[in-house]
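Going down the list, the sequences are from chains V and S. Numbers 1 to 286, taken from this note's numbering, label the letters of the first sequence in order. Numbers 287 to 682, taken from this note's numbering, label the letters of the second sequence in order. For reference, the structure is listed below as structure tokens.
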Amino acid sequence: MSEQTLLMGAVAYDPKVVTIWEGFRGWLRDSGLPFDFVLYSNYERQVEDLVAGRISAAWNSPLAWLRAQRLAGAAERTVRAAAMRDTDRDLTSVVVVRADSDVSSLADLRGRTIAVGAVDSPQATLIPLAHLQSAGLRQGAGLTVHRYDVGVGLHGDHVGGERAAAAALAAGKVEAACMIDANHLAFIREGTLAPDATRILSQTAPYDHCNMTLVDTAPEELATRFIDLLLAMSYADPQVRPLLDLEGLRTWQVGRTSGYAQLDAAVDQSGFYDDRGRVTAAEYAP
Amino acid sequence: MTTARLDLDRLGFDHGAHLLVDRALRALPGGGRLRVTGSDPALGVHLRGWCRERGHVFAVDPVAGFEIEPGPAERQRLTGAERAGGARPEEIVRHPPAHWGLAARGALVEAGGPSPGWFDLADRDVLWADLAPRLYAHAAAAQWDPATAVAWNASFELADDIEAAVVQVMTYLVENEQAALVIPARLLSRVHPHFREVQQLLAVQAADEARHVEVFTRRALLRGSAMGTSSAGGRASLASLLAEPDFTLASFLLSVLGEGSFLALLAFLDEHAPDPVTRQVARLARVDEARHVAFGVAHLEHQAALDPTLRGRLRSSIERRHDALANTAGLNADVFDALVVLAAGEWTPAAIARGYRAVQAMSRAMDDGRRQRLARLGFPPDEAAELSALHTRNFM
Ligand SMILES: [Fe+2]
Ligand SMILES: [Fe+2]
């Protein structure tokens, strides 16, 4: 079956993943592509299966992309970031304090407590902590970190840890919290944070998020058609528009790898994976 | 290339700034860009995230503020959108598609979304009557409050067995009103919302019946605490009404024949009621029923003009129902006797003879009314008389 079908992996971080990929599968098959997907409970197993050739494509978190690259390098395989959502480009994370806080620069956080998301969240933990480290603040050395481990193994796709960090800030349990730029506004709109009650202390440089990773063992003709079809999906098409809305994009774009350097450095700094892609992070059990 | 400018002053995205940004983007000429400035400290962070989610290209302007290049998604969302007909009753379409669903008539409907199968009554020629909007307006204006529309405290004295006859008639009326409530309620949930005046009319009709159930029950219990009898034949007759799934045939059997016959029954009660409360509740219900009959007749008249096969189907629906009820008793004998006693008002041979004549006159009035309404639907007089005679002995 794998000879005739392009098989893609996706991580089931939310029930909507089934709706999204069943919908896309129907559309792709209607467009003539033999396509199916398998769901994983965490990203680690998904990228291991990708590099082992058990699946041809993986809808990867940025952290999973970096591990796929490292695993592939060690196995003398290659992977490529073939496509990504328009919304995967140029995200930033922010460090937020309460509006009445006496903290006015990153340096003022010395000796304070900061809330982050899950241990494996690029946007709410790994990238912000690397950002703080570049300002001379590291966990245990001038900074106490409260981690909110919700959905470990989902690489921060589950927003629960990020929201819990914001709620801890609102409740006065911590003095700062880390989140994606857009989630700061989303948390205000949903009521996790009160309007005017917080202040943005610092913002990271832009970085990229998920990508559709292909492994070199993938059937080439099917893989090319798969990516071409993704790129051809139009927001003007009423059949796919609700799926694009659910998946949080307007268009698929050609993948690029220029936006992963910050996370790559953070992975090295924190020792999350080694250079052969082995999981070396402490307290990480997906 | 135009670059428009928008200054948000102190307004942030946590206080609705997106409305001004959206409006400015909509006003841009093709290929135009928008430079946004403002003093909210979080503006850059929130604008970046907002643009990303909307598919706009965001950049920090090297001089001041931020620059937005609008993406096509907001425009694309309405690709293939269509108007759900026109808002006014003259602009209804013959076959509204299922995917318009609950959208307001005349709304701009985004393509995609569900196509619910539950609005299966979706043919203008089956549902519509030009009279519907006016009848609905009239019905909405004519709603009365059971608590104040009836003088419940009016004083009167009735002999126990005359009172018992009234209670029996009220018990029968409640049973029939309940059928008259359930039938339009079931039909209205199947009517495509495009025909909203028909839905509204059926909804008010169901509400009318709910009040009728209330006032007849209340009259029955005015002096005692026990209701009368309910016969198997009466309920069989009503069950055969509820079993009719076809909108046209159900409204024919219920409104034209059943409620039409009830007009004569309620007029009889108005004329012969032994007490003022019975008279008032019958009179109030009769005004509502006249409206229900008017819609049924108007809608079938409209349809008969369009569909020459309609009369044949109406005829067989009467015959089918007659055959189905052939072996049942028809009208509850207790009800027939109660009507005679009620009209007699006392237990003398002369009074009973008078009551009996009155009930016979009522039966003739029912038959006359049915024949007239059948004639309006285009049945020749002899056929109208024949069909009227096949109508259920239970009146409804
Ligand atoms: Fe009624
Ligand atoms: Fe009625």
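Each residue gets a CB set at the ideal place from its N, CA and C atoms; glycine is no exception.
Here's the rule: buried if 16 or more other CB atoms are within 10 angstroms of the residue's CB, otherwise exposed. What is residue i?
i: H209 of chain V; result: buried
i: V573 of chain S; result: exposed
i: Q485 of chain S; result: buried
i: F681 of chain S; result: buried
i: M1 of chain V; result: Unreliable positioning characterises M1 of chain V in this predicted model, as indicated by a pLDDT of 45, which lies under 50. A coordinate reading is not provided.
i: P122 of chain V; result: buried
i: N211 of chain V; result: buried
i: H359 of chain S; result: It is Ala, not His, that sits at residue 359 of chain S in the sequence shown. With 16 or more other Cβ atoms within 10 Å, it is buried.
i: A675 of chain S; result: exposed
i: E220 of chain V; result: exposed
i: T288 of chain S; result: exposed
i: T204 of chain V; result: buried
i: S517 of chain S; result: buried
i: A437 of chain S; result: exposed
Taking residue i as the query, report the chain S residues whose CB atoms sit under 7 Å from its CB, ordered along the chain.
i: V159 of chain V; result: Chain S residues near V159 of chain V: none, gap ~14 Å exceeds 7 Å.
i: V94 of chain V; result: V331
Ligand 2 and residue i: does any heavy atom of the ligand fall closer than 7 Å to the residue's C-beta?
i: H424 of chain S; result: no
i: E575 of chain S; result: yes
i: H381 of chain S; result: no
i: D494 of chain S; result: yes
i: H578 of chain S; result: yes
i: L486 of chain S; result: Reading the sequence as shown, one finds Gln at residue 486 of chain S and not Leu. No; taking the cut-off as 7 Å, the Cβ of Q486 of chain S has no heavy atom of ligand 2 nearer than that.
i: Q566 of chain S; result: no
i: Q491 of chain S; result: yes
i: E545 of chain S; result: yes
Taking C-beta pairs closer than 9 Å, name the residues in chain S that residue i reaches, listed in chain order.
i: A83 of chain V; result: What A83 of chain V touches in chain S: nothing, since even the nearest Cβ is about 16 Å away.
i: R256 of chain V; result: Residues of chain S passing the Cβ test: none, with the nearest at roughly 15 Å.
i: D14 of chain V; result: Those within 9 Å of D14 of chain V in chain S number zero; the least Cβ separation is about 17 Å.
State yes or no: is the C-beta of residue i nearer than 7 Å to some heavy atom of ligand 1?
i: H498 of chain S; result: yes
i: A466 of chain S; result: yes
i: E669 of chain S; result: no
i: E483 of chain S; result: no
i: E463 of chain S; result: yes
i: A571 of chain S; result: yes
When the distance is taken between beta carbons, is residue j closer than 8 Å to residue i?
i: L244 of chain V; j: Y235 of chain V; result: yes
i: G259 of chain V; j: A83 of chain V; result: no
i: L294 of chain S; j: L306 of chain S; result: yes
i: V379 of chain S; j: F352 of chain S; result: no
i: G655 of chain S; j: S523 of chain S; result: no
i: S526 of chain S; j: M652 of chain S; result: no
i: V452 of chain S; j: L628 of chain S; result: yes
i: P470 of chain S; j: A492 of chain S; result: yes
i: W27 of chain V; j: Q269 of chain V; result: no
i: T217 of chain V; j: G53 of chain V; result: yes
i: H585 of chain S; j: A433 of chain S; result: no
i: L50 of chain V; j: A12 of chain V; result: no
i: E575 of chain S; j: E605 of chain S; result: no
i: T113 of chain V; j: H146 of chain V; result: yes
i: L364 of chain S; j: G324 of chain S; result: no
i: A428 of chain S; j: L487 of chain S; result: no
Output, in chain order, the set of chain V residues within a Cβ distance shorter than 8 Å of residue i.
i: P327 of chain S; result: R199, I200
i: G366 of chain S; result: A236, P238
i: G398 of chain S; result: P238, Q239, R241, P242
Find the residues of chain S that neighbour residue i, judging by a C-beta separation of less than 8 Å, and give them in chain order.
i: L143 of chain V; result: In chain order: nothing, as chain S lies at least about 22 Å away.
Against residue i, what residues of chain V qualify as contacts under a CB-to-CB distance less than 9 Å, listed in chain order?
i: Q362 of chain S; result: S234, Y235, A236, D237, R241, R250
i: G335 of chain S; result: L91, T92, I180, D181, A182, N183, H184, L185, A186
Quiz item: How do the segment 115 to 133 of chain V and the segment 150 to 168 of chain V stand: do at least 3 beta-carbon pairs fall below 8 Å, yes or no?
Solution: yes
Self-check item: Any 3 or more C-beta pairs closer than 8 Å across the segment 95 to 106 of chain V and the segment 197 to 204 of chain V
Solution: yes
Quiz item: Is the segment 580 to 591 of chain S close to the segment 531 to 548 of chain S, with three or more CB pairs under 8 Å?
Solution: yes
Practice problem: Check whether the segment 28 to 46 of chain V touches the segment 226 to 242 of chain V, taking contact to mean three or more Cβ pairs, one atom from each stretch, closer than 8 Å. | Solution: yes
Self-check item: the segment 664 to 672 of chain S / the segment 556 to 574 of chain S touching (three or more Cβ pairs under 8 Å)
Solution: no
Quiz item: Would you call the segment 176 to 183 of chain V and the segment 37 to 50 of chain V in contact, with 3 or more CB pairs under 8 Å?
Solution: no
Quiz item: Are there three or more Cβ pairs, one per stretch, closer than 8 Å when the segment 450 to 466 of chain S is compared with the segment 508 to 519 of chain S?
Solution: yes
Quiz item: Below 8 Å, can you find three or more Cβ-Cβ pairs linking the segment 441 to 451 of chain S to the segment 601 to 618 of chain S?
Solution: no
Exercise. Count the CB pairs spanning the segment 382 to 397 of chain S and the segment 422 to 429 of chain S that are closer than 8 Å, and state whether there are at least three.
Key: no
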